[in-house]
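Participant:
In the working numbering, the protein residues as written are 5 to 387.
1. Looking at the structure shown, is residue 236 part of a helix, part of a strand, or coil, going by DSSP?
2. How is the alpha helix (DSSP H) around residue 272 delimited, first residue to last?
3. Where does residue 186 fall in DSSP's three states?
4. Here's the rule: buried if 16 or more other CB atoms are within 10 angstroms of the residue's CB, otherwise exposed. What is residue 21?
5. For residue 206, name the three-state secondary structure that DSSP assigns.
6. Report all residues from its chain with a CB closer than 8 Å to the CB of residue 5; omit the five preceding and five following residues, and keep chain order.
7. Do residue 124 and residue 204 have their C-beta atoms within less than 9 Å of each other?
8. Would you tell me roughly how many angstroms separate the C-alpha atoms of residue 271 and residue 304, rounded to the nearest one?
9. Bridge partners of residue 160, per DSSP?
10. Within 10 angstroms of the Cβ of residue 36, are there 16 or more other Cβ atoms? Answer buried if so, exposed if not.
11. Helix, strand or coil: how does DSSP classify residue 368 here?
12. Looking only at its chain, what residues have a beta carbon closer than 7 Å to the beta carbon of residue 231, apart from the 5 residues adjacent to it on each side?
13. Out of 50, 365, 69, which has the shortest C-alpha to C-alpha gap to residue 60?
14. Which residues bound the beta strand (DSSP E) around residue 388?
15. Could you spell out where the alpha helix (DSSP H) holding residue 40 opens and where it closes?
16. With a 10 Å radius around its C-beta and 16 neighbouring C-beta atoms as the bar for buried, classify residue 346 as buried or exposed.
17. Can you have a look at residue 77 and say buried or exposed, based on whether 16 or more other CB atoms are within 10 angstroms of its CB?
18. Go to residue 12, then tell me how far its alpha helix (DSSP H) extends in each direction, as first and last residue.
19. Is DSSP giving residue 212 helix, strand or coil here?
20. Indicate the three-state DSSP secondary structure (helix, strand or coil) for residue 167 in the structure shown.
21. Count the other C-beta atoms from every protein chain shown that fall within 10 angstroms of the C-beta of residue 128, then say buried if there are 16 or more, exposed otherwise.
22. Let's test the definition: count the other Cβ atoms within 10 Å of the Cβ of residue 28 and tell me whether it reaches 16, buried, or not, exposed.
23. Quickly, what does DSSP pair residue 113 with across the bridge? List them, please.
24. Do you know offhand how far residue 192's Cα is from residue 152's?
25. What's the gap between the Cα of residue 364 and the Cα of residue 379?
26. Residue 170: buried (16+ other C-beta within 10 angstroms of its C-beta) or exposed?
27. Can you grab the Cα-Cα spacing for the pair residue 34 / residue 57, in whole Å?
28. With residue 67 and residue 14 assumed to form a contact (beta carbons below 8 Å), what rounded beta-carbon distance in angstroms separates them?
Structure below.
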C-alpha cells in the first residue's frame with residue numbers, strides 16, 4: 005500500500021507515534037486520533053484505491069492539516085515526564101498500610117491498658133450493645149467482651165434493674181454524669197458494685213462510658229499488696245489448729261504484731277503502711293513457711309503463723325536472739341526511710357488434747373508479754 009520512501013508514509017508514521025504518545029502520556033488526544041484515522045482512510049480509499057475520483061489536494065489538506073494540528077498541540081515535555089500514577093498508588097497503599105498498622109497497634113495498646121486497670125470499664129452504644137473489659141468480665145461473671153443490654157440486666161438483682169435504668173435515663177447534655185450502686189450476680193451470689201459513668205451524645209446518638217468496681221465489704225479493706233488481700237483471716241486459724249490436733253502433729257504457733265504501723269499510716273498514709281507489712285510478711289513466708297496458707301491475719305496489725313519444720317523454728321529463734329531484720333525491718337521509698345518494729349509471742353505445741361481456743365488465748369498472752377516495756381527483748385517464748 006505504501007512505499008517506505010514515500011513522504012506521506014513517513015508523515016503518517018510520525019503522526020501515529022505522536023498520537024500514541026499523547027494518548028499514553030496524557031490520556032488525551034481523541035480528536036487527534038479522529039483526524040489521523042480520517043486522513044489515513046481518505047488517502048487509502050480515494051488516493052491509493054481510487055474508489056472515487058477526487059482531487060488529491062483535499063486529501064493533502066486533510067493530511068497535512070491534521071498532522072500540523074497534532075504537532076502544534078503536542079507538548080514535548082510529556083516525552084520526559086514519568087508516569088507517577090502507579091508510584092503514587094503504591095505510596096498511597098503503603099501509607100494506608102502504615103496507618104492501618106499504627107491504628108491496630110494503638111488499639112491493642114489501648115485495650116491492654118484498659119485490661120491492666122483494677123476497675124472494669126464498659127462502653128454502651130446507641131443500639132444497646134455493650135463492650136466490657138477483662139476486669140469487668142471478672143466482676144460480672146460474663147464470658148464474652150461484647151454483650152447486649154438485656155444480658156447485662158439479667159446479671160443484676162431483680163430489685164435493682166428498674167432503678168439502674170432510671171438513673172441512666174436521667175442523663176442529658178446538661179447532666180451527663182451519673183453514679184449508682186447495684187447488686188450483680190457472680191456465681192451463685194449477688195455482690196455490690198459501684199458504677200460511675202457519663203453519657204456522650206453525638207449527632208443524636210446516645211452512648212455511655214462507665215467505670216465499674218466491686219465494693220469492698222470484707223473485714224479488712226482491699227490494699228495494693230496482694231499478700232494482704234490473700235492471706236487467711238482469724239477464723240481460719242482455729243480450723244487449722246484443729247487439723248493439727250487431729251493429726252497430732254507438733255508445731256510452733258507464732259503470734260506477732262507490727263507495733264508502729266499505725267504511726268506510719270498516720271504519718272505517710274495507709275498505702276505505705278500496707279507496703280511495709282506486705283514486705284515483712286513476704287520475708288517471713290520466704291524464710292520460715294512453705295506458703296501463705298500457714299499465715300493468718302488476726303487484726304489490722306496482728307498476725308499469726310504456724311511453723312511445722314523444727315529447723316525453720318530454730319532459725320527464727322536464732323534470728324530473734326541475734327537481732328537484725330526481724331527486730332528492725334527497714335524499707336526505703338525514695339528519700340523516705342522507715343522501719344517496722346515487730347513483737348513476737350511464741351509457743352511450741354506438742355500436747356493435742358486442750359481446746360484450740362486455749363492455745364490461741366495463750367498465744368495472745370505471750371504477745372502481750374513481749375509488748376510490755378519490762379520485757380527486754382521483742383519476743384517472749386512460752387516454755
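The C-beta atom is built at its ideal place from N, Cα and C for all residues, glycine as well.
Facilitator: Judging by the given coordinates:
1. Taking the first residue of the chain shown as 1, we reach residue 236 at position 232. Assigned with DSSP and collapsed to three states, residue 236 falls in strand.
2. For the purposes of this step, residue 272 is taken as residue 268 along the chain shown, with counting starting at 1. Looking at the DSSP string, the run of the alpha helix (DSSP H) that includes residue 272 is 265–272.
3. Along the chain shown, read from residue 1 onward, the residue named residue 186 stands at position 182. DSSP, reduced to helix, strand and coil, places residue 186 within a strand of the structure shown.
4. Locating residue 21 in the chain shown gives position 17, counting from the first residue. It is exposed - the Cβ of residue 21 has fewer than 16 other Cβ atoms within 10 Å.
5. One-based indexing of the chain shown puts residue 206 at position 202. Reduced to three states, the DSSP call for residue 206 is strand.
6. Within the chain shown, the letter at position 1 stands for residue 5. Here the model assigns residue 5 a pLDDT of 49, short of 50, so the residue's position is not dependable, and the following value carries that caveat. If we look at residue 5 and ignore the five residues flanking it on each side, its Cβ neighbours are 48, 52.
7. Position 120 of the chain shown holds residue 124. Position 200 of the chain shown holds residue 204. No, the pair does not count as a contact, with Cβ atoms beyond the cut-off.
8. Counting from 1 along the chain shown, the entry for residue 271 is found at position 267. Counting from 1 along the chain shown, the entry for residue 304 is found at position 300. Annotation: residue 271 to residue 304 spans about 17 Å, alpha carbon to alpha carbon.
9. Within the chain shown, numbered from 1, the residue matching residue 160 stands at position 156. Beta-bridge annotation (DSSP): residue 160 is paired with 188.
10. Within the chain shown, numbered from 1, the residue matching residue 36 stands at position 32. A residue is called buried once 16 or more other Cβ atoms fall within 10 Å of its Cβ, and residue 36 is buried on that count.
11. Position 364 of the chain shown, counting from 1, holds the residue named residue 368. In the structure shown, residue 368 falls within a helical segment according to DSSP collapsed to helix, strand and coil.
12. The residue given as residue 231 occupies position 227 in the chain shown. Close CB contacts of residue 231 within its chain, under the 7 Å cut and outside five residues either way in sequence, are with 282, 285, 286, 296 (chain order).
13. Stepping through the chain shown from its first residue, residue 60 is reached at position 56. Ranking 50, 365, 69 by Cα distance to residue 60 puts 50 first.
14. In the structure as shown, the chain starts at 5 and stops at 387, and residue 388 therefore has no counterpart that could be examined.
15. Translated into the one-based positions of the chain shown, residue 40 becomes position 36. Residue 40 -> alpha helix (DSSP H) spans 34–46.
16. Position 342 of the chain shown, counted from the start, is the residue given in the question as residue 346. Using a 10 angstroms sphere on the CB of residue 346, the tally of other CB atoms reaches 16 or more, which defines it as buried.
17. Position 73 of the chain shown, counting from 1, holds the residue named residue 77. With fewer than 16 other Cβ atoms inside 10 Å of its own Cβ, residue 77 counts as exposed.
18. In the chain shown, the residue the question calls residue 12 occupies position 8. That run of the alpha helix (DSSP H) goes 11–30.
19. Counting from one through the chain shown, the residue named residue 212 turns up at place 208. Residue 212 falls in the strand class under three-state DSSP.
20. Position 163 of the chain shown, counted from the start, is the residue given in the question as residue 167. Residue 167 falls in the helix class under three-state DSSP.
21. Numbered from its first residue, the chain shown carries residue 128 at position 124. Buried, because 16 or more other Cβ atoms sit within 10 Å of the Cβ of residue 128.
22. Stepping through the chain shown from its first residue, residue 28 is reached at position 24. By the C-beta density criterion, residue 28 is exposed, having fewer than 16 other C-beta atoms within 10 angstroms.
23. Taking the chain shown and counting its residues from 1, the one referred to as residue 113 is at position 109. DSSP output for residue 113 lists no bridge partner at all.
24. Counting from 1 along the chain shown, the entry for residue 192 is found at position 188. Counting from 1 along the chain shown, the entry for residue 152 is found at position 148. In a straight line, the C-alpha of residue 192 is about 21 Å away from that of residue 152.
25. By 1-based counting over the chain shown, the position of residue 364 is 360. By 1-based counting over the chain shown, the position of residue 379 is 375. Using only the alpha carbons, I get a separation of about 21 Å.
26. Working through the chain shown from its first residue, we reach residue 170 at position 166. Exposed, because fewer than 16 other Cβ atoms sit within 10 Å of the Cβ of residue 170.
27. As a working mapping, residue 34 is identified with position 30 in the chain shown. As a working mapping, residue 57 is identified with position 53 in the chain shown. Taking the straight line from one Cα to the other gives about 29 Å.
28. On the chain shown, residue 67 is found 63 positions in, with the first residue counted as 1. On the chain shown, residue 14 is found 10 positions in, with the first residue counted as 1. With 8 Å as the limit, residue 67 and residue 14 do not qualify as a contact, their Cβ atoms being about 12 Å apart.
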